[in-house]
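Here is the structure we will look at, set down as structure tokens.
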Amino acid sequence: MRILFINPATSRYTRSVSVPLGILSIASYLESKNHKVKIYDRTVDKTKLETVIESFRPEIAGISLMSYKSIGDALFVAKALKEEEIKVVFGGPLPSVVPELTLKYNFIDIISLGEGEATWLELAEFYENGGSDLSKIRGIAFKNPEGETVYTGERDFIDLRLLAPLNWKLINVPKYFQSSYGCKKMLYLYSAKGCPHSCTFCYNKDFHRCTYRKRPFEILLDEIKYLVNNYAMDGVYFADELWCRNKKEMFDICTKLKELNLDFVWGCQTRIGLFDEEDFVYMHECGCRWIFFGIESGSEKILKKINKNISYDKIEDTFHACKKANIACIGSFIAGFPDETTDDLKQTINLINKLDTSLINLNYLALIPGSEIYKFLVESGKYTEVESLEELTKKSPMEKLEYNYSKIPDIDIKVVRAYCMWRSFTATDVPGTKKFDFAKKVITDAIKSVKTGEIIAFIASTYFAGVEFIKILFYANFFPGIKKKYNLKRNKD
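Numbering-wise, the working numbering comes out as the position in the sequence shown, counting from 1, plus 891.
Structure (structure tokens):
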């Protein structure tokens, strides 16, 4: 079968694009099973859709949908494909949690629910062999002739040892390079899928079913060697939702990375309480230069409500240990949880002020369809579910405070978020960075889009980055009463 995988363009963005690891994995797996595959990433490839269709002549097309910002382009592409009588399959986190909404469009044939490699292999074989009963393929949703949505049941996770190594020749690797702490040609790779935890604001419980699985690390090591030797990659961001579950896994992985003896650094996302000072020292020795920690709140009451399940008493020590090990720490928080109070937010700021880092992400709560918080708000009548994907395109939950189910005034949340972002913009105490490095990165990303011929992307990036920057300046500097209320200053100020 000839199968086209599409990563739709985003409507508004100010950040560098990252490798579409999901469709790269599926495409690599199908190619290893003798199917003809092509990846068409519209975030970096400006070839016209009709040109791609005419030259490749796909029989099936898979469209990955990760973000609200990609919905418009995804629907445009799907409609055009259907007009050419090509089977259209949607997949990814968003269609998986809102299949009914997705299947309202008659130009979308099937939803691949959850992880896609094994499902896609069956779909390819089904159409190649002229199959007649889609209901026998587990892990999909579709409309039957009567217009009813059919769910074929949950599919068991595939053994990751059975997957093919990622075929990097399927994408234009240099298009995805980003700068990070101590590197200029960083790529996102993955060593594991899923997360064993069940935070109430996350889609993990439905999509990955709180299951964590490691890839064979030898395959990842081969990928790193290939990318360093062939593309001069100098940085890796492990995109795992949880990088390493314990010290043994950490030590084994770090040792193997060190033994590669290649010139690259790396960073990861992990949890508070897993590692101690000596562990971070060893991680740095083996190339680690940055770590992202999702903390979410400084209120133990809120942490319990969202089922975060981290060791609260180890948060400060963890950041201090990373700083001593010369590793940049990024602390991520969320404001606006249901029934969160100003006292809860004050506790969050109090914790932030104690942390040994200036790199703080404080985001508005985003209601993710499928998350427990989303379901609770819908069931309690506080939030009305959207009736079409187009409605979701109008939402920008990471950039605007579109809803607030907390007991905190909107203006307070906006000021607190802006102040934390300003701290990151002006950070001077972060290993491997200089003042305004983050702002410089935004400008560099915009310039990069011009060099690749993406003039529209440049204009959009520049505009939205400028608007966001002005908002941050305004809220961070013109509300002294709110700043005093939450003690918005670093302890050393």
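Idealized CB from N, CA, C, for every residue including glycine.
Quick one: what does DSSP say residue i is sitting in, helix, strand or coil?
i	result
lysine 1179	According to the sequence as given, residue 1179 is cysteine; it is not lysine. Three-state result, cysteine 1179: strand.
arginine 1308	helix
isoleucine 1197	coil
threonine 1239	helix
arginine 893	strand
valine 1277	coil
serine 919	helix
methionine 1077	strand
threonine 1248	coil
asparagine 1120	helix
alanine 1032	strand
phenylalanine 1095	Contrary to the premise, residue 1095 reads as asparagine rather than phenylalanine in this sequence. If DSSP states are grouped into helix, strand and coil, asparagine 1095 belongs with the helices.
valine 979	strand
valine 1321	coil
glutamate 1006	coil
glutamate 1187	strand
tyrosine 1173	helix
serine 1071	strand
serine 987	helix
alanine 1367	helix
For the beta strand (DSSP E) containing residue i, name the first residue and the last one.
i	result
valine 928	927–932
tryptophan 1157	1156–1161
valine 1041	1040–1042
tyrosine 1128	1126–1129
cysteine 1220	1219–1226
alanine 952	951–955
Please name the residue in the options whose C-alpha comes closest to that of residue i.
i	options	result
glutamate 922	Leu895, Gly1189, Ile954 and Lys937	Leu895
serine 909	Ile1062, Tyr920 and Glu1016	Ile1062
serine 987	Tyr1094, Glu1168 and Val1172	Tyr1094
isoleucine 1251	Gly1185, Leu972 and Lys1375	Gly1185
glutamate 1019	Leu912, His926 and Tyr1255	His926
glycine 983	Ala1032, Ser946 and Thr938	Ala1032
arginine 1106	Cys1074, Ala1083, Ser1315 and Val1119	Ala1083
leucine 1280	Ser1271, Asn1368, Leu972 and Lys995	Lys995
isoleucine 914	Cys1090, Tyr1310, Glu1008 and Trp1134	Glu1008
lysine 1138	Asp1170, Glu1150 and Ile1206	Asp1170
threonine 1319	Ala1219, Lys1273 and Lys1374	Ala1219
Are there 16 or more other CB atoms within 10 angstroms of the CB of residue i, so buried, or fewer, so exposed?
i	result
arginine 1052	exposed
lysine 1305	buried
alanine 1123	exposed
aspartate 1097	buried
isoleucine 1302	exposed
aspartate 1000	buried
valine 1127	buried
glycine 1022	exposed
arginine 948	exposed
Hey, how far is the Cα of residue i from the Cα of residue j?
i	j	result
isoleucine 1028	glutamate 1290	39 Å
isoleucine 1201	tryptophan 1313	27 Å
histidine 1175	aspartate 1143	14 Å
tyrosine 1072	glutamate 1039	51 Å
aspartate 1154	serine 1070	15 Å
threonine 934	aspartate 964	10 Å
isoleucine 1115	alanine 1257	34 Å
aspartate 1004	glutamate 991	According to the sequence provided, residue 1004 is leucine. The question's aspartate does not apply to it. Distance between the alpha carbons of leucine 1004 and glutamate 991 is about 12 Å.
threonine 1275	leucine 1268	8 Å
valine 980	arginine 1162	35 Å
lysine 1214	leucine 1242	16 Å
tyrosine 1203	serine 1188	10 Å
lysine 1195	proline 899	37 Å
lysine 1298	glutamate 1013	49 Å
asparagine 1254	alanine 1226	6 Å
Is residue i near the ligand FMN, with its Cβ less than 7 Å from a heavy atom?
i	result
phenylalanine 1210	Because no ligand of any kind appears in the structure shown, any question about the ligand FMN cannot be addressed here.
Tell me which residue opens and which closes the alpha helix (DSSP H) that residue i is part of.
i	result
valine 1269	1263–1270
glycine 963	962–974
isoleucine 1144	1138–1150
cysteine 855	The structure shown does not extend to residue 855, since the chain spans only 892 to 1384, so no value can be given for it.
phenylalanine 947	940–947
glycine 1372	1371–1376
Kindly indicate if chain C contains any beta-carbon less than 8 Å away from that of residue i.
i	result
alanine 1032	In the structure shown, chain C does not exist; there is a single protein chain.
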